[in-house]
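What follows is a short report on a single structure.
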Amino acid sequence: MTPDSTRRRAFIQITLLSISFAVLVLISLASVFLMQKAREDSAWVSHTLEVENQISLAQLQMRRAESLERGFLLTGQPEFIEDFQSSAAEVSPMLRRLQELVADNPVQRPLIDKAIPLAETRLAKFKELIALAQVDRAEEARQVVRNESGREAMNQFASYMTAMRAEENRLFVMRTAAADRSQSLASIVTTTGSGLVLVLAAFSIFLVRRSARARDDAESLLRENNLNLESTVSERTADLREANEEIQRFAYIVSHDLRSPLVNIMGFTSELEELRGDIFRRIATLSREVAEKQMPENADSDGEPELEAADQQLSEDFTEALGFIKSSIGKMDRLISAILNLTREGRRQFQPVPIDTRELIENIVSTVAHQAAEANAEIRIEPLPEIVSDRLALEQIFSNLVDNALKYLKDGVPGDIRIRGRQKLGFAIFEIADNGRGIDPKDHQRIFDLFRRAGTQDKPGQGIGLAHVRALVRRLGGTMSVSSALGEGSTFTITLPMKWTTATNRESRS
Amino acid sequence: MSNPVTIIMIEDDEGHARLIERNIRRSGVNNEIIPFTSGTAALNYLFGPDGSGVEHQNRALLVLLDLNLPDTSGIDILRRIKENDHLKCTPVVVLTTTDDAQEIKRCYELGCNVYITKPVNYESFANAIRQLGLFFSVIQVPQTEAT
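Quick note, the sequences are listed as chains Z and V, same order.
Numbering-wise (the UniProt record's numbering), the first sequence opens with residue 1 and increments by one.
Numbering-wise (the UniProt record's numbering), the second sequence opens with residue 1 and increments by one.
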């Protein structure tokens, strides 16, 4: 799986999940909204029903009031009056209530506005006739009833009420339909929403499972890679170790085998030197013999035979050539010995022992006390951490560095060499600082190379010390560095593990 | 060295052989020196065509042996000399460049009589060989054993 497709897949997954969440939210909002609407619609429907009910009640009370009035006029029984009064009292509040209910309806408002005065007039008329009948003028009252247009007024009122009812019926039908619509819409939305949620949930589960599977695959791949990596690393380190051992062996064999011819060269050069003496003595003898033959009176046969000027020159040239050969051989011999010693050191097994570093360095300093006094140098040792390491290796490291510090002091300036130490994160850090001639920063790398030196070459040396020191520090699992500038002294910093064991040795060598 | 001890010199480097011979002569040793530059040639001479070494019986021999030979290992030659019934009393002087402690120990275990590391410096080399020559002039060498 390419990282690109993985990214795309993750993007799709996130998008889908956010979409489903958005849909869910939308559905919930829509459901809430539609529910609200359905409730409102139902409220409207019940409002309509109430209005209709109110209309019916008002009409009923109106008719009841009328029939009670008629009943009283006909029979003169006082019970009618009581009932009439209670009915008449209800009509007006009912109509007022109706008026309130339909206040928002422009169709109903004029109707109720007309119906109310009509009803009130009618009721006033009923009361008037009842009052007439009560004072024994029933006949007169009945006459009035017969003549007046009461019937028409009642019909008018009834027609208002019918119109209102019709309007309410129309509204009822409309509102019921609306309520039905919103309810069914709500249920549709809810159902679809639930379905959608289920689908999305299923899809999400699918996606999650797929990504989980992808993750498992990636994990197993990673585990496999790790294993591979480990085996690759151990393979490589084995290769490296082998290569390192080969180099060591190679260096050893080369230096060893170079020595045999060198012994010959040295040997025969010495032989030549002896031969040289013989040859030139012989030349001198011969030339003297010749001279004696030519000028016997000048003969001086007692003294040592002497060379003529030209032969003297030859002899000197011969000696000079031999001298160069011998000095080169000497140099080569020292280099080869150095390589041999290095390879021998490289093969030595380290023995970790607890070391009182300060005491160790004090011992080193006491062995160079004479040189230090000669160079007018003071060596100061500050408290140093104790570590577990190889004693001989540490001795070599510090004595090389102290030697160097003493060797490369500035002329005419009293030397000040300080050895400091501290601990940090399981490592001991040692600093050997001097106020000597310093090292040009461009040579900082060079000085650690075998047979390389820096600065004025006025001191004897092969360029091995620092290479050797660095090799030892590395074998001890540490690092070393230098900070210096020309004329400003140098500080060599060595970082070594506080506790070096043969296990770490194997590890670092492997 | 009491005559007639023959010195068998096994040394692959002819220059070394010559220098060794010269320096031994300088210390006044005039015994016969038979040089061999390969292990095979030396073995052929020492053990003869049948490999028994019988032809050297009743002779006094001294072997000067280099360990680093191109064809056989000097250690092998040492072992065969010390295992041979006729030659086992022959003194063997190992003269080699190796100063490996293991190697030295091994040679003495196999019965080498003297182990000398060739000094790297020629002066010391010449000096060592001359002293070896002086040593040769005073030691007694047994005759090889008869069967």
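Ideal Cβ placement from N, Cα and C applies to all residues, glycine included.
Out of the options, which has the shortest C-alpha to C-alpha gap to residue i?
i	options	result
residue 427/Z	420/Z, 387/Z and 402/Z	387/Z
residue 382/Z	397/Z, 224/Z and 362/Z	362/Z
residue 412/Z	392/Z, 425/Z and 376/Z	376/Z
residue 162/Z	315/Z, 60/Z, 89/Z and 136/Z	60/Z
residue 8/Z	211/Z, 284/Z and 33/Z	211/Z
residue 82/V	116/V, 137/V, 63/V and 12/V	63/V
residue 495/Z	214/Z, 341/Z and 474/Z	474/Z
residue 404/Z	390/Z, 433/Z, 420/Z and 422/Z	433/Z
residue 98/V	122/V, 68/V, 84/V and 137/V	68/V
residue 158/Z	111/Z, 174/Z and 140/Z	111/Z
residue 134/V	17/V, 18/V, 30/V and 6/V	30/V
residue 4/V	19/V, 34/V and 16/V	34/V
residue 444/Z	454/Z, 436/Z and 435/Z	454/Z
residue 140/V	50/V, 92/V, 54/V and 52/V	92/V
residue 407/Z	219/Z, 78/Z and 372/Z	372/Z
residue 328/Z	367/Z, 262/Z and 282/Z	262/Z
residue 113/V	15/V, 124/V, 136/V and 123/V	136/V
residue 25/Z	83/Z, 117/Z and 194/Z	194/Z
residue 352/Z	477/Z, 28/Z and 174/Z	477/Z
residue 16/V	85/V, 66/V and 72/V	66/V
residue 95/V	85/V, 87/V, 88/V and 74/V	74/V
residue 392/Z	409/Z, 356/Z, 379/Z and 418/Z	356/Z
Have a look at the DSSP bridge pairing and note the partners of residue i.
i	result
residue 60/V	5/V and 143/V
residue 354/Z	388/Z
residue 428/Z	423/Z and 496/Z
residue 46/Z	Bridge partners of residue 46/Z: none, in fact.
residue 278/Z	For residue 278/Z, which the question treats as bridged, DSSP gives no partner whatsoever.
residue 378/Z	416/Z
residue 115/V	94/V
residue 482/Z	492/Z
residue 536/Z	This structure cannot settle anything about residue 536/Z, because the visible part of chain Z is limited to 1 through 510.
residue 542/Z	Because chain Z here runs from 1 to 510, residue 542/Z falls outside it and cannot be looked at.
residue 250/Z	Residue 250/Z pairs with nothing; no bridge assigned.
residue 34/V	8/V
At a Cβ threshold of 7 Å, is residue i touching chain V?
i	result
residue 264/Z	yes
residue 421/Z	no
residue 507/Z	At residue 507/Z the pLDDT is 45, less than 50, meaning the model places this residue with poor confidence and gives no usable figure here.
Just checking: is the beta-carbon of residue i within a distance shorter than 7 Å of some beta-carbon in chain Z?
i	result
residue 115/V	no
residue 66/V	no
residue 136/V	no
residue 125/V	yes
residue 72/V	no
residue 13/V	yes
residue 122/V	yes
residue 19/V	yes
residue 97/V	yes
For the pair the segment 104-118 of chain V and the segment 76-94 of chain V, tell me if three or more CB-CB distances fall below 8 Å. yes
Would you check if there are 3 or more beta carbon pairs closer than 8 Å linking the segment 279-293 of chain Z to the segment 327-334 of chain Z? no
Residues in the segment 313-344 of chain Z having any Cβ partner in chain V nearer than 7 Å: 333 and 337
Is the segment 19-31 of chain V touching the segment 481-494 of chain Z, taking contact as three or more C-beta pairs under 8 Å? no
Quick one: which residues of the segment 240-272 of chain Z get their C-beta closer than 9 Å to a C-beta of chain V? List them in chain order. Correct list: 256, 257, 259, 260, 261, 262, 263, 264, 265, 266, 267, 268, 269, 270 and 271.
Would you be able to state if there are at least three C-beta pairs under 8 Å between the segment 122-132 of chain V and the segment 38-55 of chain V? no
Between the segment 136-156 of chain Z and the segment 24-43 of chain Z, do three or more beta carbon pairs fall short of 8 Å? No: the two stretches stay apart, fewer than three of their Cβ pairs being nearer than 8 Å.
Across the segment 98-113 of chain Z and the segment 163-172 of chain Z, are there enough close Cβ pairs to call them in contact, namely three or more that are closer than 8 Å? yes
Could you name the residues of the segment 76-89 of chain V whose beta carbon sits closer than 8 Å to any beta carbon of chain B, in the order they occur along the chain? No chain B is part of this structure, whose protein chains are labelled Z and V.
Should the segment 389-401 of chain Z be regarded as contacting the segment 458-477 of chain Z, the criterion being three or more beta carbon pairs within less than 8 Å? yes
How do the segment 245-252 of chain Z and the segment 262-272 of chain Z stand: do at least 3 beta-carbon pairs fall below 8 Å, yes or no? no
Mind the definition here: the segment 31-45 of chain V touches the segment 8-17 of chain V only if three or more C-beta pairs lie below 8 Å; say whether that holds. A contact exists between the segment 31-45 of chain V and the segment 8-17 of chain V.
Touch test, the segment 59-73 of chain Z against the segment 88-106 of chain Z, Cβ-Cβ under 8 Å, three pairs minimum: yes
For the structure I just gave you, are there three or more beta carbon pairs, one from the segment 28-35 of chain Z and one from the segment 183-197 of chain Z, closer than 8 Å? Output reads yes: the segment 183-197 of chain Z touches the segment 28-35 of chain Z.
Taking 8 Å as the threshold, find out whether the segment 127-139 of chain Z comes into contact with the segment 63-75 of chain Z through three or more Cβ pairs. yes
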